[in-house]
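**Q** Got a structure here, written out as structure tokens. Questions coming.
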Amino acid sequence: MVYYLGLVGVAVFAISGALAADRKGSDWVGVLFLASATALGGGTLRDVLLKREAVFWIANPTYLWVVIGATVFTIIYVRYFKPPTNALNFADAIGLAMFSIVGAKIAEAEGMTPLIVVTMGVFTGVAGGIIRDVLANEIPLIFRSGEPIYSVSAASGIIAYLGLKYLGVPSQTASLSGVAVIAATRFAGIFWHIKLPEFSVRKH
Amino acid sequence: MVYYLGLVGVAVFAISGALAADRKGSDWVGVLFLASATALGGGTLRDVLLKREAVFWIANPTYLWVVIGATVFTIIYVRYFKPPTNALNFADAIGLAMFSIVGAKIAEAEGMTPLIVVTMGVFTGVAGGIIRDVLANEIPLIFRSGEPIYSVSAASGIIAYLGLKYLGVPSQTASLSGVAVIAATRFAGIFWHIKLPEFSVRKH
Amino acid sequence: MVYYLGLVGVAVFAISGALAADRKGSDWVGVLFLASATALGGGTLRDVLLKREAVFWIANPTYLWVVIGATVFTIIYVRYFKPPTNALNFADAIGLAMFSIVGAKIAEAEGMTPLIVVTMGVFTGVAGGIIRDVLANEIPLIFRSGEPIYSVSAASGIIAYLGLKYLGVPSQTASLSGVAVIAATRFAGIFWHIKLPEFSVRKH
Chain E
1 MVYYLGLVGV AVFAISGALA ADRKGSDWVG VLFLASATAL GGGTLRDVLL KREAVFWIAN
61 PTYLWVVIGA TVFTIIYVRY FKPPTNALNF ADAIGLAMFS IVGAKIAEAE GMTPLIVVTM
121 GVFTGVAGGI IRDVLANEIP LIFRSGEPIY SVSAASGIIA YLGLKYLGVP SQTASLSGVA
181 VIAATRFAGI FWHIKLPEFS VRKH
Chain C
1001 MVYYLGLVGV AVFAISGALA ADRKGSDWVG VLFLASATAL GGGTLRDVLL KREAVFWIAN
1061 PTYLWVVIGA TVFTIIYVRY FKPPTNALNF ADAIGLAMFS IVGAKIAEAE GMTPLIVVTM
1121 GVFTGVAGGI IRDVLANEIP LIFRSGEPIY SVSAASGIIA YLGLKYLGVP SQTASLSGVA
1181 VIAATRFAGI FWHIKLPEFS VRKH
Chain Z
2001 MVYYLGLVGV AVFAISGALA ADRKGSDWVG VLFLASATAL GGGTLRDVLL KREAVFWIAN
2061 PTYLWVVIGA TVFTIIYVRY FKPPTNALNF ADAIGLAMFS IVGAKIAEAE GMTPLIVVTM
2121 GVFTGVAGGI IRDVLANEIP LIFRSGEPIY SVSAASGIIA YLGLKYLGVP SQTASLSGVA
2181 VIAATRFAGI FWHIKLPEFS VRKH
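Protein chains in written order, with this note's numbering: chain E, 1 to 204; chain C, 1001 to 1204; chain Z, 2001 to 2204.
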């Protein structure tokens, strides 16, 4: 199941990366590159940092084909239709939910402590978007207050997943609950514009 | 031969990185750092992603000396002469050709499938320039339409190389043909300003 | 001792990363993320490039707790007090000194040649700040001439350390001397605004 969650997450993030190339004047190849970096970047960093045997999309090229398919679909779609912004925000929430839980489960399988499991899960979920924004020369969303509780959603879902497993809930149920917690808090965050307090150095 | 192709590519990319430090107000060390990141960044990412035994410039410090030499040369050269922009675009095309084929051959030697060989070759060729532009806080060339078919050149040269080898052409001849295809399409691209269609979300 | 030097360096760099989130409108999580990237980024790249057995903060989560503690401290501190800019520049100098020598000693322990030891030490010292500036969408300090001999300080301290060891000075004394050289040259650089000559392509 981790595998299919991952594929859906990759497709959704590839679309978000491809759309980020809009207004930069990219050609098709630039779009494909930005989509790949967004969809595969977080998991690649996770695999390199955890010293896994091989980077996931090199071990299994299906991921690359999913990125190529999602990018071509996006390029063709936006020629004829307006991209559905709201639908995409919700898709992005689902992608975040899937990447975070997949990242956490992989760190767990590598025998990491809970702190590292949470860190790696959040990191896998948010890193793709950060790479996308850095490459597109924008301040990453995660550093701007406009972003409603993005990583807090990811962290709380992973903690819910670990807590449920600790209480004896079967792994698959716990995973899906974690995904649901992330998607639900994120939906709520988008819907009601929930923000964490902004950080700034007060003028004294 | 892969080795010497690589050294020439490193020298050319180091010069392009050093020149990118112009107008940023860098001192000599900043120039050296930007030159190193441009010249060694693509190959470093390739080696990390492919889990090679050691990163190439750590295993063989000759590469570092070439970067240092090329940077010192550039710093001294531009004090007395105007940098030859056109010559540099052509040198950059040759660097791209060499890096792409070297990257592809290394991925091949690690037993990768053709899709990964092409991906890694293109990635090795273009990543240095992306790192250079990200560090210099500019939108990477690859995401701007002003860039005439940069990565398409790289991909077609690698496919030519793989196709020729498949047809029984000796590896060395196939490599040189791949390099020639990349350099030639890139020269043509620069000369006639060939571009791929630009991607943008239509206003509906 | 390397261990405690490293912890102090991590705390200082986490504070510098947290303060860099000021004026970007980050919420607490964004601040924590930027602090982590600044404090752990250089050492992470070092460990990945040197193919060490595990990345240091994954092998020993104490580092993560130090980053979390330093970030929370900074967030609370700046609500009530003005950040002491000068004190911070001096703290940053000490952090640079510690990271550079720790990085050099680790590269040495992995059996690297002196050129790689110096490169890795400087890289460990400066990479965190570069990552911080790239994520915050600014031109990294190291590429701007306003930066008084940052990496030259790091390199000279590491060379002093290697030279003293070569002359038979015990490793611990040599390390502390290297730290002192870096901190002292950096203090002097800040105090007297010493700069290297600026690099620019002359108009001919």
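C-beta atoms are modelled at their ideal positions from N, C-alpha and C, and glycine is treated no differently.
For Z:Ile2106, count the other beta carbons within 10 Å of its own beta carbon; 16 or more makes it buried, fewer makes it exposed. Which is it?
**A** Start at 1 with the first residue of the third sequence, and residue 2106 of chain Z comes out as number 106. Under this definition Z:Ile2106 is a buried residue.
**Q** Any heavy atom of the ligand MG within a distance shorter than 8 Å of the CB on C:Arg1052?
**A** As far as ligands go, the structure on display features none, and thus does not contain the ligand MG.
**Q** With distances taken between CB atoms, is the gap from C:Tyr1161 to C:Gly1178 smaller than 9 Å?
**A** Position 161 of the second sequence, counted from the start, is the residue given in the question as residue 1161 of chain C. Position 178 of the second sequence, counted from the start, is the residue given in the question as residue 1178 of chain C. Yes, Cβ-Cβ distance for C:Tyr1161 and C:Gly1178 is below 9 Å.
**Q** Using a Cβ cut-off of 9 Å (strictly closer), state whether C:Lys1082 contacts chain E.
**A** Here the question's residue 1082 of chain C lines up with position 82 in the second sequence. No, C:Lys1082 does not count as interfacial toward chain E.
**Q** Does the beta-carbon of C:Phe1123 have 16 or more other beta-carbons within 10 angstroms, so that it is buried, or is it exposed?
**A** Stepping through the second sequence from its first residue, residue 1123 of chain C is reached at position 123. By the neighbour-count rule (16 or more Cβ atoms within 10 Å), C:Phe1123 is buried.
**Q** Check C:Arg1046 in the structure and name its three-state DSSP category.
**A** As a first step, residue 1046 of chain C is located in the second sequence; it is residue number 46 there, counting from the start. Correct three-state label for C:Arg1046: helix.
**Q** Quick one: what's got a C-beta closer than 7 Å to C:Pro1114's C-beta in the same chain, skipping five residues either side?
**A** Counting from 1 along the second sequence, the entry for residue 1114 of chain C is found at position 114. So the list reads Leu1162, once near-sequence residues are dropped.
**Q** Please list the partners that Z:Leu2049 has in chain C, where partner means a Cβ-to-Cβ separation under 8 Å.
**A** Mapped onto the third sequence, residue 2049 of chain Z falls at position 49. What Z:Leu2049 touches in chain C: Thr1044, Val1048, Val1055, Ile1058.
**Q** Just to confirm before moving on: does the CB-CB distance between C:Gly1128 and C:Ala1037 stay below 9 Å?
**A** Stepping through the second sequence from its first residue, residue 1128 of chain C is reached at position 128. Stepping through the second sequence from its first residue, residue 1037 of chain C is reached at position 37. The answer is yes: Cβ separation under 9 Å.
**Q** If distances are taken between C-alpha atoms only, which option among Z:Ser2175, Z:Pro2083, Z:Ala2011, Z:Phe2090 comes closest to Z:Gly2121?
**A** As a position in the third sequence, residue 2121 of chain Z is number 121, starting the count at 1. Closest by alpha carbon: Z:Ser2175.
**Q** Out of C:Arg1046, C:Val1029, C:Gly1041, which has the shortest C-alpha to C-alpha gap to C:Gly1103?
**A** Numbered from 1 along the second sequence, position 103 holds the residue referred to as residue 1103 of chain C. Among C:Arg1046, C:Val1029, C:Gly1041, the Cα nearest to that of C:Gly1103 belongs to C:Arg1046.
**Q** Give the residues of chain E in contact with C:Thr1119, contact being defined as C-beta atoms less than 7 Å apart.
**A** Walking along the second sequence from the start, residue 1119 of chain C turns up at place 119. The contacting residues are Leu64.
**Q** Can you check which of these residues, C:Ala1035, C:Gly1157, C:Thr1074, is closest to C:Thr1173 by C-alpha distance?
**A** By 1-based counting over the second sequence, the position of residue 1173 of chain C is 173. Considering only alpha carbons, the answer is C:Gly1157.
**Q** In three-state DSSP terms, what is C:Phe1081?
**A** One-based indexing of the second sequence puts residue 1081 of chain C at position 81. Reduced to three states, the DSSP call for C:Phe1081 is coil.
**Q** Mind listing which residues of the stretch 1014-1036 of chain C have their C-beta closer than 9 Å to chain Z's C-betas, in chain order?
**A** Correct list: Ala1018, Leu1019, Ala1021, Asp1022, Arg1023, Lys1024, Gly1025, Ser1026, Asp1027, Trp1028, Val1029, Gly1030, Val1031, Leu1032, Phe1033, Leu1034, Ser1036.
**Q** Quick one, are the C-beta atoms of C:Ala1018 and C:Leu1032 less than 9 Å apart?
**A** Sequence index remark: in the second sequence, residue 1018 of chain C carries index 18 (1-based). Sequence index remark: in the second sequence, residue 1032 of chain C carries index 32 (1-based). Against a cut-off of 9 Å, the Cβ pair of C:Leu1032 and C:Ala1018 comes out as a contact.
**Q** For E:Arg79, count neighbouring C-beta atoms within 10 Å of its own C-beta (all shown protein chains included) and say buried if the count is 16 or more, exposed if not.
**A** For the purposes of this step, residue 79 of chain E is taken as residue 79 along the first sequence, with counting starting at 1. Exposed, because fewer than 16 other Cβ atoms sit within 10 Å of the Cβ of E:Arg79.
**Q** Would you report the Cα separation of C:Glu1138 and C:Ser1100, rounded to the nearest angstrom?
**A** Stepping through the second sequence from its first residue, residue 1138 of chain C is reached at position 138. Stepping through the second sequence from its first residue, residue 1100 of chain C is reached at position 100. Cα to Cα, C:Glu1138 sits roughly 23 Å from C:Ser1100.
**Q** So, using beta-carbon positions, are E:Tyr150 and Z:Val2029 closer together than 9 Å?
**A** As a first step, residue 150 of chain E must be located in the first sequence, where it is residue number 150. As a first step, residue 2029 of chain Z must be located in the third sequence, where it is residue number 29. Yes, the pair counts as a contact, with Cβ atoms nearer than the cut-off.
**Q** Counting contacts by CB-CB distance shorter than 9 Å, is Z:Leu2135 in contact with chain E?
**A** Here the question's residue 2135 of chain Z lines up with position 135 in the third sequence. Chain E contact via Cβ: present.
**Q** Check E:Gly168 in the structure and name its three-state DSSP category.
**A** As a working mapping, residue 168 of chain E is identified with position 168 in the first sequence. Of the three classes helix, strand and coil, the one that applies to E:Gly168 here is coil, per DSSP.
**Q** Ends of the alpha helix (DSSP H) at Z:Pro2114?
**A** Taking the third sequence and counting its residues from 1, one reaches residue 2114 of chain Z at position 114. That run of the alpha helix (DSSP H) goes 2114-2135.
**Q** Could you give the DSSP three-state label for E:His204: helix, strand or coil?
**A** The residue you call residue 204 of chain E lines up with position 204 of the first sequence. The predicted model places E:His204 with a pLDDT of 48, which falls under 50 and marks its position as unreliable; any figure quoted below should be read in that light. Coil at E:His204, not helix or strand.
**Q** Around the Cβ of Z:Phe1959, are there at least 16 other Cβ atoms within 10 angstroms (buried) or fewer (exposed)?
**A** Not covered by the structure: residue 1959 of chain Z. The range shown for chain Z is 2001 to 2204.
**Q** Thinking C-alpha only, which one of C:Ile1130, C:Ala1109, C:Met1098 is nearest C:Ala1154?
**A** Locating residue 1154 of chain C in the second sequence gives position 154, where the first residue counts as 1. Considering only alpha carbons, the answer is C:Met1098.
**Q** From the beta carbon of E:Ile139, is the nearest beta carbon of chain Z less than 9 Å away?
**A** For this step, residue 139 of chain E is matched to residue 139 along the first sequence. Chain Z, which has a Cβ nearer than 9 Å to the Cβ of E:Ile139, makes this yes.
**Q** What residues of chain C sit near Z:Leu2115, judged by a beta carbon separation below 7 Å?
**A** In the third sequence, residue 2115 of chain Z corresponds to position 115, counting from 1. Simply Pro1061, Leu1064.
**Q** Could you compute how far the alpha carbon of E:Val10 sits from the alpha carbon of E:Ile131?
**A** Looking up residue 10 of chain E in the first sequence gives position 10. Looking up residue 131 of chain E in the first sequence gives position 131. So the alpha carbons of these two residues sit roughly 14 Å apart.
**Q** With 9 Å set as the bound, which would you pick, yes or no: does the beta-carbon of Z:Val2152 sit closer than that to a beta-carbon of chain C?
**A** For the purposes of this step, residue 2152 of chain Z is taken as residue 152 along the third sequence, with counting starting at 1. Yes, Z:Val2152 counts as interfacial toward chain C.
**Q** At a Cβ threshold of 9 Å, is E:Val126 touching chain Z?
**A** Within the first sequence, the letter at position 126 stands for residue 126 of chain E. True, the Cβ-Cβ gap to chain Z drops below 9 Å.
**Q** Is the separation between the beta-carbon of Z:Glu2110 and that of Z:Arg2052 shorter than 9 Å?
**A** Locating residue 2110 of chain Z in the third sequence gives position 110, counting from the first residue. Locating residue 2052 of chain Z in the third sequence gives position 52, counting from the first residue. In this structure, Z:Arg2052 lies closer than 9 Å to Z:Glu2110 by Cβ.
**Q** Residues in its own chain within less than 7 Å of C:Ala1208 by CB, not counting five upstream and five downstream?
**A** This structure does not reach residue 1208 of chain C, given that chain C is present from 1001 up to 1204, and the question cannot be answered.
**Q** Whole angstroms are fine: how far does the CA of C:Leu1007 sit from the CA of C:Gly963?
**A** Coverage of chain C is limited to positions 1001 through 1204, which leaves residue 963 of chain C absent and any answer about it impossible.
**Q** Comparing the C-beta of Z:Ile2106 with each C-beta of chain C, is any distance below 9 Å?
**A** As a working mapping, residue 2106 of chain Z is identified with position 106 in the third sequence. Taking Cβ atoms only, chain C never reaches closer than 9 Å to Z:Ile2106, which makes this a no.
**Q** Check whether chain C comes within 9 Å of Z:Ile2130, counting only Cβ atoms and requiring the distance to be less than that.
**A** As a first step, residue 2130 of chain Z must be located in the third sequence, where it is residue number 130. True, the Cβ-Cβ gap to chain C drops below 9 Å.
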